[in-house]
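Engineer:
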Amino acid sequence: MSPQDPAAFRTRPEHRWPVVIALAVGAGLYAVLPSEASGALRYVVVGVGILCAIPMVVTNPSRLTRESRWGRGFALAFTALLLLANQVAFGLLVLQLLRGEGDGAATLLGAAQVWAINVIGYAVVYWEMDRGGPIARRRDPRDALPPADFQFPQDSDRDAVSEVRRRSSDVEDWAPGYVDYLYFSASNAMAFSPTDVMPLSSRAKLFMMVQAISGFILLALVIARSVNILN
Numbered sequence: 000m001s002p003q004d005p006a007a008f009r010t011r012p013e014h015r016w017p018v019v020i021a022l023a024v025g026a027g028l029y030a031v032l033p034s035e036a037s038g039a040l041r042y043v044v045v046g047v048g049i050l051c052a053i054p055m056v057v058t059n060p061s062r063l064t065r066e067s068r069w070g071r072g073f074a075l076a077f078t079a080l081l082l083l084a085n086q087v088a089f090g091l092l093v094l095q096l097l098r099g100e101g102d103g104a105a106t107l108l109g110a111a112q113v114w115a116i117n118v119i120g121y122a123v124v125y126w127e128m129d130r131g132g133p134i135a136r137r138r139d140p141r142d143a144l145p146p147a148d149f150q151f152p153q154d155s156d157r158d159a160v161s162e163v164r165r166r167s168s169d170v171e172d173w174a175p176g177y178v179d180y181l182y183f184s185a186s187n188a189m190a191f192s193p194t195d196v197m198p199l200s201s202r203a204k205l206f207m208m209v210q211a212i213s214g215f216i217l218l219a220l221v222i223a224r225s226v227n228i229l230n
């Protein structure tokens with residue numbers, strides 16, 4: 000049976016659309032950032048996003064059943080561009096917040112957009128990185144998967160009460176999807192530390208550290224600027 004046949008998967012292949020929609024939202028948020036924070040980069044991000052979406056959708060239009068270096072490469076390339084461009088906007092907004100320049104409400108809204116884009120982008124990084132990626136996680140036998148970068152609650156619920164145990168990785172053969180990584184990314188950006196998902200590898204800890212530091216700086220400066228505006 001072909002590994003591209005959905006029947007050959009250990010558990011049902013993941014939907015393509017959650018990550019495509021999330022990246023489209025990220026690109027849209029970047030496109031409407033204040034002009035002093037994004038400039039001409041907004042056109043690059045939106046244009047590259049449209050070009051990268053085509054092979055991603057063509058390769059796996061509905062569910063992620065076909066392993067494609069092109070499809071995965073374009074997804075990672077666009078995510079990297081979105082995160083790098085967002086870091087430029089982050090730096091410019093931090094300067095504005097420190098100097099008290101620009102329209103206060105627009106700057107605070109831009110900071111919220113930068114924070115949301117980081118959540119979306121890092122979620123894609125975690126989703127692609129963990130256990131060989133979204134296709135391998137649901138297709139390959141667990142013993143054949145690369146070592147996990149993250150431990151989810153379902154991975155250790157085998158000894159829980161029966162109604163919880165039924166959702167565990169051992170019983171249901173559960174595998175995380177993009178929404179799980181999106182929730183985890185948002186939690187890391189708000190709590191600045193692991194919550195219910197634990198990093199296991201050095202690269203996972205480094206990515207989480209960078210995301211948490213940028214989120215902390217942004218939140219601290221936004222609170223300080225908000226207090227100044229209210230006063």
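Per numbering that gives the first Met the number 0, the sequence shown runs over residues 0 to 230.
Glycine included, every Cβ here is placed at the ideal spot set by N, Cα and C.
(1) DSSP puts residue 149 in a beta bridge; with which residues?
(2) Tell me which same chain residues have a C-beta within less than 6 Å of the C-beta of residue 176, skipping the five on either side of it?
(3) Would you check if the distance between the CB atom of residue 206 and the CB atom of residue 125 is smaller than 9 Å?
(4) Should residue 70 and residue 58 be called a contact, given that it needs their Cβ atoms to be closer than 9 Å?
(5) Residue 179 by DSSP, collapsed to three states: which one?
(6) Suppose the cutoff is 8 Å on Cβ atoms and the five residues either side in sequence are ignored; what does the same chain contact list for residue 43 look like?
(7) Given a cut-off of 9 Å, decide if residue 180 and residue 116 are closer than it, judged by their beta-carbon atoms.
(8) From residue 107 to residue 217, what does the alpha carbon distance come to, in whole angstroms?
(9) So if DSSP puts residue 62 in a beta bridge, which residue, or which two residues, is it bridged to?
(10) Let me make sure I understand the geometry here. Which of 11, 4, 16, 142 has the alpha-carbon closest to that of residue 123?
(11) Determine the DSSP secondary structure at residue 142, reduced to helix, strand or coil.
(12) State the DSSP-derived secondary structure class of residue 191, mapped to helix, strand or coil.
(13) For residue 52, verify whether its CB is less than 8 Å away from any heavy atom of the ligand MN.
(14) Using a 10 Å radius around the Cβ and a threshold of 16 neighbouring Cβ atoms, would you call residue 33 buried or exposed?
(15) Distance check for residue 113 and residue 140, CA to CA, integer angstroms please.
(16) Ends of the alpha helix (DSSP H) at residue 69?
(17) If I measure Cβ to Cβ from residue 186 and keep anything under 6 Å in the same chain, skipping five residues before and after, which residues do I get?
(18) What's the gap between the Cα of residue 76 and the Cα of residue 192?
Structural biologist: Reading from the atomic positions:
(1) For the purposes of this step, residue 149 is identified with residue 150 of the sequence shown, where counting begins at 1. Paired residues: 198.
(2) If you number the sequence shown from 1, residue 176 lands on position 177. Cβ-Cβ distances below 6 Å link residue 176 to 13 in the same chain, with the five nearest sequence neighbours on each side left out; the list follows chain order.
(3) For the purposes of this step, residue 206 is taken as residue 207 along the sequence shown, with counting starting at 1. For the purposes of this step, residue 125 is taken as residue 126 along the sequence shown, with counting starting at 1. In this structure, residue 125 lies closer than 9 Å to residue 206 by Cβ.
(4) In the sequence shown, residue 70 corresponds to position 71, counting from 1. In the sequence shown, residue 58 corresponds to position 59, counting from 1. Against a cut-off of 9 Å, the Cβ pair of residue 58 and residue 70 comes out as a contact.
(5) Working through the sequence shown from its first residue, we reach residue 179 at position 180. In the structure shown, residue 179 sits in a helix (DSSP, three-state: H, G or I).
(6) In the sequence shown, residue 43 corresponds to position 44, counting from 1. Result list for residue 43: 80, 84, in chain order.
(7) Position 117 of the sequence shown holds residue 116. Position 181 of the sequence shown holds residue 180. It is not a contact, given that the beta carbons lie outside the stated cut-off.
(8) For the purposes of this step, residue 107 is taken as the residue at position 108 of the sequence shown. For the purposes of this step, residue 217 is taken as the residue at position 218 of the sequence shown. Between residue 107 and residue 217, the C-alpha separation is close to 10 Å.
(9) If you number the sequence shown from 1, residue 62 lands on position 63. Answer by DSSP bridge pairing, in chain order: 14.
(10) In the sequence shown, counting from the first residue as 1, residue 123 sits at position 124. When C-alpha distances from residue 123 are compared across 11, 4, 16, 142, the shortest belongs to 16.
(11) Looking up residue 142 in the sequence shown gives position 143. In the structure shown, residue 142 sits in a helix (DSSP, three-state: H, G or I).
(12) In the sequence shown, counting from the first residue as 1, residue 191 sits at position 192. Note: residue 191 maps to coil in three-state DSSP.
(13) Absent from the structure shown: the ligand MN. Ligands present: none.
(14) For this step, residue 33 is matched to residue 34 along the sequence shown. Buried, since its Cβ has 16 or more Cβ neighbours within 10 Å.
(15) To locate residue 140, count along the sequence shown from 1; it is residue 141. To locate residue 113, count along the sequence shown from 1; it is residue 114. Their backbone Cα atoms lie some 38 Å apart in a straight line.
(16) Against the sequence shown, residue 69 aligns to sequence position 70. Looking at the DSSP string, the run of the alpha helix (DSSP H) that includes residue 69 is 68-98.
(17) Start at 1 with the first residue of the sequence shown, and residue 186 comes out as number 187. Closer than 6 Å at the Cβ level, and outside the excluded window around residue 186, lie 194.
(18) Position 77 of the sequence shown, counted from the start, is the residue given in the question as residue 76. Position 193 of the sequence shown, counted from the start, is the residue given in the question as residue 192. Their Cα atoms are separated by approximately 27 Å.
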